[in-house]
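Enquirer: Please see the structure below; I have some questions.
There are 2 protein chains.
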Amino acid sequence: MNEQGARETIAIPAERDLTVYVDKRELVTLMTLGARPEWLVLGYLLNQRLVASASEIESITVDWDVNAASVKTRAGIDRIEERTAKRVVTTGCGQGSVFGNLMDEIDNIRLPAEAGLKQSQLYSIVNTIRLKESTYKSAGSVHACALFHGEALQLFVEDVGRHNAVDTIAGWMAMNDASTPRGEKIFYTTGRLTSEMVIKSAQMGVAVVISRSGITQMGLDVARRVGLCAIGRATNQRFLCYANPQRIVLDAMPAPSPVARERAASST
Amino acid sequence: MNEQGARETIAIPAERDLTVYVDKRELVTLMTLGARPEWLVLGYLLNQRLVASASEIESITVDWDVNAASVKTRAGIDRIEERTAKRVVTTGCGQGSVFGNLMDEIDNIRLPAEAGLKQSQLYSIVNTIRLKESTYKSAGSVHACALFHGEALQLFVEDVGRHNAVDTIAGWMAMNDASTPRGEKIFYTTGRLTSEMVIKSAQMGVAVVISRSGITQMGLDVARRVGLCAIGRATNQRFLCYANPQRIVLDAMPAPSPVARERAASST
């Protein structure tokens, strides 16, 4: 019922619970739209650092009749009980639970020094996203992530939780794009640039992240520490680069808009 | 650096990690702005159904030097290992991890039959929120929750994760407002109405929830099952009531706006 007291028929996003079993042991239950469950589960295991590469996985079998994803590993996961014991509830949306301490990982991450993007490329990417987002437009209440190679959209994923979306992209990269150099990869997310989101992008070897939203303090700390170019508030021609602006080539500077001037004045 | 290549000084929200120890046992680490850590920890324990009331807690001591919240219970928490073993990663933002299965709880919930709100009250609440939100306005990237009694704002909480915000409100209610009848309580959140958010509101005995955002399928299912009045997309004079519209008295119907007509037409 709307504010006129009239009934409307609207679309809302579905959440499906998908319980992940690793070698018959229950690991976690993810709430997901469920479009690409195999890539989601693989990306989840990779981003949680429970497996180092897709080659450690024998098979991932999803059965929606029982809402289960059964993962068979080639050699088991070493110390899985211990490594999944510590629970950190993070700031990120959706899949807000990381095992162990991802922060320990980041000093091992080396991002391609040459990676960067042109301002014109950034605008092209933002516009590509604007024309996409089918579920968001029809139902709202979902987050989108996308992987670009240069200006070319490689994968677009929407999910009820943005971490499911980024994990699905990580799973796709591991299966389809493992050998491509990461220098020209751009990661886009509608969600905030929290520490977890920045770390996941860095783990995928992607050095440039674009968000429609803002950044948090720890997200900024991690972006600086790993040398990741963190861009937020990216709408139309506007953006803020929070870290490593030297990775951006300003080849398409717009005329200053009243909005931009006002925003700069109020410094928010 | 902005799209003009100019440097701006902006505010961003801080995330502090707060590790919760219950009777010297590590339970969870929460990422929080940290404004009201004691209420947050109490509300977290209540909403996770690890304690039934504040009276089970002897003390909660927060020490930011070591980012630790030490909870002392009067009689311990029964079967805590077992009850915190099952991990469900939910759709909600921020504190996206629930222990056990909250869905099991909801059939025990009885919401006040007389609870409801007037449309004029809804608009007053939305306007009160519009004038608040200090951190959001200055830094963005935070969620807000608020508790209203009638049109009176009782508590307003912002945090990097919206579940921290609602848990803080639950903790405040348990300490300051436990005996007040819930019939006139309204819960406001900027976040999506996911199953977890709806359940938490119902657990607090609040039968009317207002969100600036939308609802998910499971959020809708739970709202219907417990008889909760779920209102979303609440901005200015617009809103959508997803469940139990009979709890709303339409006493301030606005003139149909072009936007509303267009939205109704496109049915999104």
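Listed in order, the protein sequences are those of chains A and B.
In terms of UniProt numbering, the first sequence opens at residue 1 and continues consecutively.
In terms of UniProt numbering, the second sequence opens at residue 1 and continues consecutively.
Using N, Cα and C, we set each Cβ at its ideal position, and we do this for glycine too.
Here the structure is a predicted model, which means the values were calculated and not measured.
#1: Buried or exposed, going by whether 16 or more other CB atoms sit within 10 Å of the CB of ALA178(A)?
#2: Listed from N- to C-terminal order along the chain, which residues in the region 223-243 of chain A have their beta-carbon within a distance smaller than 7 Å of any beta-carbon of chain B?
#3: Could you tell me which residues DSSP pairs with GLU26(A) in its beta bridges?
#4: On a CA-only basis, which of ILE186(B), MET253(B), ARG192(B) and VAL249(B) is nearest LEU228(B)? Give me that one, please.
#5: Put ASN2(A) into one of helix, strand or coil per three-state DSSP.
#6: In terms of DSSP beta bridges, what is LEU117(A) paired with?
#7: Who are the neighbours of ALA14(A) on chain B, taking C-beta pairs under 9 Å?
#8: CA-CA distance, residue 293(B) and GLU26(A)?
#9: Can you tell me which residues form a DSSP beta bridge with SER70(B)?
#10: Do the region 211-218 of chain A and the region 246-256 of chain A meet, that is, are 3 or more Cβ pairs less than 8 Å apart?
#11: I want to know whether the region 165-182 of chain A touches the region 40-50 of chain A - three or more CB-CB distances under 8 Å.
#12: Around the C-beta of LYS137(B), are 16 or more other C-beta atoms found within 10 angstroms, so that it is buried, or is it exposed?
#13: Between ASN127(A), VAL126(A) and CYS145(A), which lies nearest to THR135(A) when the distance is taken from Cα to Cα?
#14: Ignore the nearest five residues each way along the sequence and tell me which others in ASN47(B)'s own chain have a CB closer than 7 Å to its CB.
#15: Keeping to the same chain, check which residues put their C-beta closer than 8 Å to that of GLY183(A); ignore five residues upstream and five downstream.
#16: Consider the Cβ of ARG36(A): report whether some Cβ of chain B lies at a distance smaller than 8 Å.
#17: Whose C-beta lies closer than 7 Å to the C-beta of ARG36(B) among residues of the same chain, with five residues either side of it excluded?
#18: Please decide whether GLY5(B) counts as near chain A, where near means a Cβ-Cβ distance under 8 Å.
#19: Since PRO112(B) meets chain A, which of its residues come closer than 9 Å, beta carbon to beta carbon?
#20: Which value, in whole angstroms, describes the spacing of the CA atoms of LEU122(A) and ARG247(A)?
#21: Taking 8 Å as the threshold (beta carbon to beta carbon), is MET197(B) in contact with chain A?
#22: Given a cut-off of 8 Å on the beta-carbon distance, is the pair MET175(B) and ALA52(B) in contact?
#23: Distance cutoff 8 Å, beta carbons only. Does ILE186(A) sit that close to anything in chain B?
#24: What residues of chain B sit near GLY171(A), judged by a beta carbon separation below 7 Å?
#25: Given this structure, state the Cα-to-Cα distance separating GLN95(B) from GLU196(B), to the nearest angstrom.
#26: Taking the C-alpha atoms as reference points, what is the distance between ASP65(A) and GLU15(A)?
#27: What would DSSP say about ILE215(B), mapped onto helix, strand or coil?
#28: Using beta-carbon positions only, say whether VAL62(A) and ALA234(A) come within less than 8 Å of one another.
#29: Rounding to the nearest angstrom, what Cα-Cα distance links THR19(A) and THR180(A) in this structure?
#30: Determine whether the beta carbon atoms of THR128(B) and LEU147(B) lie at a separation below 8 Å.
#31: Strictly by DSSP, which residues pair up with ILE210(B)?
#32: Let me make sure I understand the geometry here. Which of ARG7(B), GLY140(B), ASN164(B) and VAL226(B) has the alpha-carbon closest to that of ASN108(B)?
#33: Nearest by alpha-carbon distance to GLY191(B): which of GLN237(B), ARG212(B) and GLY205(B) is it?
#34: List the residues that DSSP assigns as beta-bridge partners of HIS163(A).
#35: Can you give the Cα-Cα distance for GLY100(A) and TYR21(A), rounded to whole angstroms?
Expert: With the structure as the only source:
#1: Exposed: under 16 other Cβ atoms inside 10 Å.
#2: Taking 7 Å as the Cβ-Cβ cut-off against chain B, the residues of the region 223-243 of chain A that qualify are GLN237, ARG238, PHE239, LEU240 and CYS241.
#3: In the DSSP output, where bridge partners are listed per residue, GLU26(A) has TYR21(A).
#4: That would be ILE186(B), whose Cα lies nearest to the Cα of LEU228(B).
#5: Secondary structure at ASN2(A): strand, using DSSP grouped into helix, strand and coil.
#6: DSSP, once it has assigned bridges, lists ILE248(A) as partnering LEU117(A).
#7: Residues of chain B with a Cβ closer than 9 Å to the Cβ of ALA14(A) are, in chain order, THR216, GLN217 and MET218.
#8: Here chain B comprises residues numbered 1 to 268, so residue 293(B) is not present and cannot be evaluated.
#9: Answer is TYR21(B) and THR61(B), bridged to SER70(B).
#10: Judged by Cβ distances under 8 Å, the region 211-218 of chain A makes no contact with the region 246-256 of chain A, as fewer than three pairs qualify.
#11: A contact is defined here as three or more CB-CB pairs under 8 Å, and the region 165-182 of chain A meets this definition with respect to the region 40-50 of chain A.
#12: Exposed.
#13: Of the listed residues, the one whose Cα sits closest to THR135(A) is CYS145(A).
#14: The beta carbon of ASN47(B) sits closer than 7 Å to the beta carbons of ASP167, ALA170, LYS200 and GLN203 from its chain, once the five residues preceding and following it are set aside; these are given in chain order.
#15: Apart from sequence neighbours up to five positions away, the residues of its chain that approach GLY183(A) with a beta-carbon distance below 8 Å are PRO112, GLU114, ALA115 and ALA207, ordered along the chain.
#16: Cβ-Cβ to chain B under 8 Å: no for ARG36(A).
#17: The residues VAL157 and THR168, in chain order, have a CB closer than 7 Å to that of ARG36(B) in the same chain once the five nearest residues on each side in sequence are set aside.
#18: For GLY5(B), a Cβ of chain A is located within less than 8 Å of the residue's own Cβ.
#19: The premise fails here: PRO112(B) is roughly 21 Å from chain A at the closest Cβ pair, so nothing lies under 9 Å.
#20: Answer to the nearest angstrom: the Cα atoms are 12 Å apart.
#21: No, no contact with chain A.
#22: The answer is no: Cβ separation not under 8 Å.
#23: It does not; no Cβ of chain B falls within 8 Å.
#24: Here the premise fails: no neighbours, minimum Cβ distance about 16 Å.
#25: No answer about GLN95(B) holds up, because its pLDDT of 32 lies below 50 and its placement is not dependable.
#26: If you take the alpha carbons of ASP65(A) and GLU15(A), they lie about 15 Å apart.
#27: ILE215(B) falls in the strand class under three-state DSSP.
#28: Result no, Cβ atoms of VAL62(A) and ALA234(A) do not sit closer than 8 Å.
#29: Computed Cα separation, rounded: 31 Å.
#30: Their beta carbons are not under 8 Å apart, which means THR128(B) does not touch LEU147(B) by this criterion.
#31: In DSSP, ILE210(B) forms a bridge with TYR188(B) and ILE231(B).
#32: Out of ARG7(B), GLY140(B), ASN164(B) and VAL226(B), VAL226(B) has the C-alpha closest to the C-alpha of ASN108(B).
#33: Of the candidates GLN237(B), ARG212(B) and GLY205(B), ARG212(B) places its Cα closest to the Cα of GLY191(B).
#34: Paired residue(s): none; HIS163(A) is not in a bridge.
#35: For GLY100(A), the pLDDT reaches just 48, beneath the cut-off of 50, and the residue's location in the model is therefore unreliable, although a value from the coordinates is still provided. So the two alpha carbons sit approximately 19 Å from each other.
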